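Below: one structure, written as structure tokens.
Numbering (our numbering), first residue to last: 27 to 104.
Right, dumping it as structure tokens:
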């Protein structure tokens, strides 16, 4: 939920800056809007990567068959 609030805050800042850009065309406001958009993109990318990694780490079940070392031991004993 923390990421949601960060994104919401960034989006509100970008909207405010874009509203002021409509009134007065300032390069600094445009650069600030780009910085907030870059931060928003970075937050989204990090969150997507975290979600992808958490889905990939699934526990593996123990194989049902014998391991090769078990076959070796039985062959060496005989």
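In this text, a Cβ means the ideal position worked out from N, Cα and C, and glycines have one as well.
Being a predicted model, the structure only gives us computed values, none of them experimental.
For residue i, the nearest candidate out of the options (CA to CA)
{"i": "residue 36", "options": "96, 61 and 78", "result": "61"}
{"i": "residue 29", "options": "47, 72, 42 and 38", "result": "72"}
Residue i, buried or exposed, once every other Cβ within 10 Å from all chains shown has been counted against 16
{"i": "residue 74", "result": "exposed"}
Between the CA atoms of residue j and residue i - distance to the nearest angstrom
{"i": "residue 39", "j": "residue 70", "result": "16 Å"}
{"i": "residue 77", "j": "residue 31", "result": "17 Å"}
CB of residue i within 8 Å of CB of residue j, strictly
{"i": "residue 58", "j": "residue 33", "result": "no"}
{"i": "residue 47", "j": "residue 55", "result": "yes"}
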